[in-house]
Amino acid sequence: VKNFYGRGQELARLEQWIVHEQCSVIAVLGIGGIGKTTLVAHVGQRVKEQFDYVFWRSLQNAPPLSSFLKQCILFISDQQRIDLPERIDEQISVLISYLQQYRCLLVLDNAESILRSGPRPGYYQEGYEDYGELVRRLGEVSHRSCLLLTSREKPGEVAHLEGKAGPVRTLPLTGVEQSAGREMLQERGLSGSVEQWSRLVNLYSGNPMALKLVSEPVQTLFGGDIGRFLQEEEIVFGDIYALLEQQFQRLSPQERELLYWLAIGREPVSLEEMQEDLIRNGPRYSVMDTLDSLHRRFLIETRGTASFTLQPVIMEYVTTELVRRACDEFRADVPGPAIWPNYALSKAQAKEYVRESQVRIILAPIAQRLLAEVGEEGIERRLKNWLAVRRSASSRQGSYLAGNALNLLSFLQRDLRNADFSQLTIRQAYLQDVSLPGVNFSFAHFDSTVFTNIFGNVLAISCSHKNNLMAVGTATGEIWIFEMLTGILIHSLSGHTDGVWSLAFSPDEHVLASSGDDCTVRFWDLTTGESLGVVGDHTHRVRSIAFSPDGRVLASGCDDYAVHLWDVQEGRCLKVLQGHTDRVWSVTFSPDGRMLASGSNDHTIRLWEITTGACLGMLQGHIGWIWSLAFNAEGTLLASGSEDLTVRLWDVESMQCSQILQGHTSGVRSVAFNAKGTLLASGSEDLTVRLWDVMAGHCLRTLQGHLQGVRTVAFQHEGKLLASGGDDQTIRLWDVSTGYSLKTLQGYTQRIWSVAFSPDGRFLVSSGEDRCIRLWNVTTGQCYKVLLDRAHGVRSAVFSPDGRWLASGGEDQAVRLWSVTMGRSVHSLKGHKKWVRSVAFSPDGRWLASGGEDCEVWLWDVRTGQGRIIPQGHTSWVRTVTFSPDGSVLASGSDDGTIRLWNLKADRSLLILSGHSNRVRSINFSPDGKLLASGSEDRIIHVWNVTTGNVLLKLEGHKNWVRSVVFSPIGKLLASSSDDQTIRLWNVDDGSCMAVLHGHGNRIRSLAFSPDGQILASGSDDGDIRLWDVKRSVYLRNLVNEKPYEGMNITGVSGLTEAQKEALRSLGAVEDEE
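Structure representation (structure tokens):
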């Protein structure tokens, strides 16, 4: 703490209360600028050795209590406690338990930010009342710690609990004494008599901020002569706010403009960013000169070499003025807006935590006040009029008006359907997760605007070293190339037909390699985005690829248990490294290129000598699948992430495990070193990313924000940023030094995972990757109800036999029961430890079966919600479950290639059906229960005799994996669907193919017959549900869910890359034909 003046008594009193009397809650109170923060910081430095932990947080940007509690508990628990209860009161209890165990000093600075303004001080703003509960409990419950808070107003709980001898105290802070005030001003070059010094300090009540502010006009206007200054009575202010108001009115328009932008920035803003933000409609002025002027007025602070910010009291005043003026412009007597076109009230391209603060502190108060004053219709009407005037103006470049309008209306959740934003500049609009059907953006110019992206679950991320490119591989098979810092989409690479598991930049960064579930490795030209072809002739899924440091060799790890080495130039296989006994999930070269490491489902890591192909050694210790490997820069350490919840560090020379990093509560999918090798990042299915100190072996930060498991992590080359991607269809960029989320790129996909008819055939249920369960009217083709499953994709949904209930299974590892009439979840059945892939009701509706990626089959009592594991014995994912028509047998199909039948009456295994050479994707009983059909990734459909277990028919014809098989409720008809985008109808009597149905544009995952057998429904990755006339084998109609940008007109737009335009078109945008 620099330039600390006086306060000897206050320091002594706080030390007495904190150290000797061990008070539990202390509030330091006073008006803005009085020095509360400085005092608390100074006393904190003096007493910090008395505490195990010191945790300081500012409430200036009004963070929710849940955010503070998570950060605080993570800190005190040394990054160990991440699984907090959902309820706030239970989270507070967790914190108190730590405060009882350790001696902690907690500081909450600027607590007035969460208190209401107005005539009743001490009451909390709506949504922040739980802070009062925290203060109350810390004041009432016995613990070893101290909460020290600063505020301009006394919180109500402190007022109720405080006492002279109790554990809760308040320290009202008044101005500094005369000697301290004089010392402060003398350092600024002021002079005067003893009487004049006394009068000046008393005039501003010894307020350090007020004295600091007033010293500038005394120096500038009166040559530092206090006596002459005191003769000007109009400069006498009643309090700080009045002082700031008068100071603000004395500023030039250019100075006010910069103060507004600094208030919007919420944190230090660089000179370059400020210059980019400014609208230049009038004469140009020097930003540097204006900043210098503001600095001399002590209205801004300089951080670093060229970043500027406001002190909290000034930022609050300027923010309040900005909000007031923005609202006043909606009055009928105001001729035209000045704030709305010239300032971004929230910035789409700001760091994520800053943008969220802008919405809370600026946009939300504006919205609330305008709702009260003019209502939603009034807001929309005034904005529409402004936009019409702006559209007709001769120059509209650079205006923030349209972007602000979009941000405000989307914040208010107004229906923007068919709105007109044509021929306007759309600047700093945040349109991610905003539906814009029919909106007219024709001939608009987009600047720093953020849209939803068209990608699904993120499986792979790789960052280039030279040009800040970020390559992203997704479960839908697309590859996206982004400019990492801005999030601008550069290329969309299409060629893979299934999930992309691995990406690698060539050392010269001219080529990107990719591999995936379609059993191919592809090369791409990074300049043009064109495909350079397929490398090699893989026959199994390729989970991982890596270039050698010289770029001449590419390694691939596959589901065939082998590592393949390829000559990059010629495309021929150089060697096949064999030894693993299960899938190879990860391969990586050592930095010198002489060694290759591979990790496998067989729980081992193998080190290979590249020249000879010899296995140099096998690293053992993990007790689960090994998903990810990474060498440090020197090649001396190898990190491994495993299904067993741990990260291991291996000494390469000795081939021994040097450290085990523990903390994740679920499998570790990805590990990555920073360029220096000092930090290791790990991404886990527990929804978190952890940053580890490699030398010390402890967790430095836990990054939280993903709503589903994290599949991949990658450092920017400089190591300042970390990218992570996961099953929540997001890419997140993190500031490594602070742990803050800087940017989130949100994906969107409409892949249909399952379709099923209601028992009466009038309705259809569909589930998909857009996290929704939809109910459709089969007759009208309209979606009449949407059931949301929050952040989780839904893999399977079916009606109960009586049609009253729906069951769903998905990525949240739970089986959910939904009331069809109420449209909400009524039960969550938990037992699976990984994603649930399939659910099925028994014919009498009493039982519900589920199969999942944990290799387990569960049987649930629908009435009680109790469940048990059926010991089917599968050794890999269970993708499909079904009951026999009489309900006596439960069948399950698995990635282990088998189908297992369980006799429910005898509660024992009945049959194991083996014959497929690859994963079993779908099974279904015939209406009489005598036959069972199965579809597999071996492209063959088997029809089995359920009694004998013999294969009666092998139906061949599909040219790719068979995803779904289903018997017609009547007759001997079987339908099948495939990744070859076709549906086939088969005669089960003779095995003949009766018809091939075409129309879908992507793999077809699910089929369902109507109860009368006349209609067949199909759900596909193209987002469509198609209904087919079975008798005539013809297409009837499409059930289409509206895309977020359906019909959005982007004719003639500028400011977007071609890849961005293509992404918008994929999400429904259209362009008029010329």
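Residue numbers (the numbering used here): 394 to 1467. Beta carbons: idealized from backbone N, C-alpha and C, even for Gly.
Please report how far the alpha carbon of residue i lies from the alpha carbon of residue j, in whole angstroms.
i: residue 713; j: residue 1030; result: 54 Å
i: residue 617; j: residue 602; result: 18 Å
i: residue 1358; j: residue 1325; result: 10 Å
i: residue 445; j: residue 499; result: 11 Å
i: residue 529; j: residue 551; result: 7 Å
i: residue 509; j: residue 526; result: 16 Å
i: residue 814; j: residue 1413; result: 34 Å
i: residue 1249; j: residue 993; result: 22 Å
i: residue 1016; j: residue 1037; result: 6 Å
i: residue 467; j: residue 1451; result: 43 Å
i: residue 1262; j: residue 1252; result: 6 Å
i: residue 1047; j: residue 998; result: 14 Å
i: residue 452; j: residue 1408; result: 60 Å
i: residue 1267; j: residue 1280; result: 21 Å
i: residue 868; j: residue 896; result: 13 Å
i: residue 1391; j: residue 1350; result: 14 Å
i: residue 1319; j: residue 1103; result: 40 Å
i: residue 472; j: residue 1095; result: 6 Å
i: residue 630; j: residue 544; result: Residue placement at residue 630 is flagged as unreliable, the pLDDT there being 45, under the threshold of 50; a coordinate-derived value is accordingly withheld.
i: residue 655; j: residue 1077; result: 38 Å
i: residue 653; j: residue 1416; result: 45 Å
i: residue 1121; j: residue 826; result: 13 Å
i: residue 966; j: residue 1274; result: 40 Å
i: residue 924; j: residue 905; result: 10 Å
i: residue 829; j: residue 1399; result: 29 Å
i: residue 614; j: residue 427; result: 25 Å
i: residue 751; j: residue 880; result: 20 Å
i: residue 350; j: residue 522; result: No information on residue 350 is available, as it lies outside the stretch 394 to 1467 that the chain covers here.
In the DSSP assignment, what are the bridge partners of residue i?
i: residue 863; result: 856 and 875
i: residue 957; result: 949 and 969
i: residue 833; result: 813 and 1442
i: residue 449; result: 500
i: residue 519; result: According to DSSP, which records beta bridges pairwise, residue 519 is partnered with nothing at all.
i: residue 1092; result: 1085
i: residue 1428; result: 1421
Assign residue i to buried or exposed, taking buried as 16 or more other Cβ atoms, counted over all protein chains shown, within 10 Å of its Cβ.
i: residue 820; result: buried
i: residue 1011; result: exposed
i: residue 635; result: exposed
i: residue 1370; result: buried
i: residue 860; result: exposed
i: residue 1305; result: exposed
i: residue 1219; result: exposed
i: residue 627; result: At residue 627, the pLDDT of 48 sits below 50, so the modelled position is not reliable and the matter cannot be decided from this model.
i: residue 770; result: exposed
i: residue 565; result: exposed
i: residue 558; result: exposed
Kindly give me the distance between the Cβ atoms of residue i and residue j, rounded to whole angstroms, as I take these residues to be in contact under 8 Å.
i: residue 1429; j: residue 1418; result: Not confirmed; about 11 Å, so no contact.
i: residue 1100; j: residue 1116; result: Residue 1100 to residue 1116, Cβ: 17 Å. No contact.
i: residue 1152; j: residue 1205; result: In fact, because the Cβ distance is near 27 Å, the residues do not count as touching under 8 Å.
i: residue 1295; j: residue 1313; result: With a Cβ gap of about 15 Å, residue 1295 and residue 1313 do not count as contacting.
i: residue 702; j: residue 638; result: That belief does not hold up - the Cβ atoms of residue 702 and residue 638 are roughly 21 Å apart, past 8 Å.
i: residue 755; j: residue 716; result: 6 Å
i: residue 407; j: residue 563; result: Not confirmed; about 11 Å, so no contact.
Can residue i be considered in contact with the ligand NAP, in the sense that its beta carbon sits closer than 7 Å to one or more heavy atoms?
i: residue 661; result: The ligand NAP is absent from the structure shown, which contains no ligands of any kind.
Report task. Decide if the stretch 841–848 is in contact with the stretch 1131–1146; the criterion is three or more beta carbon pairs, one per stretch, under 8 Å apart. Result -> Contact check between the stretch 841–848 and the stretch 1131–1146: three or more CB pairs, one atom from each, fall below 8 Å, which counts as touching.
Next on the checklist: I want to know whether the stretch 777–796 touches the stretch 718–737 - three or more CB-CB distances under 8 Å.
Outcome noted: yes
Checklist entry - Does the count of Cβ pairs from the stretch 1170–1185 and the stretch 1437–1445 closer than 8 Å reach three? => result no
TODO: Give a yes or no on contact between the stretch 930–937 and the stretch 970–986, applying the rule of three or more CB pairs nearer than 8 Å.
DONE: yes
Decide if the stretch 478–488 is in contact with the stretch 1073–1092; the criterion is three or more beta carbon pairs, one per stretch, under 8 Å apart.
no
- Message: Whether or not the stretch 1378–1388 and the stretch 1340–1355 are in contact is what I'm after, with contact meaning three or more pairs of Cβ atoms, one per stretch, closer than 8 Å; do they touch?
- Response: yes
| query | Counting Cβ pairs, one atom from each stretch, are 3 or more of them under 8 Å apart for the stretch 1338–1346 and the stretch 1390–1405? | reply | Touching, no, given that fewer than three Cβ pairs across the two stretches are closer than 8 Å.
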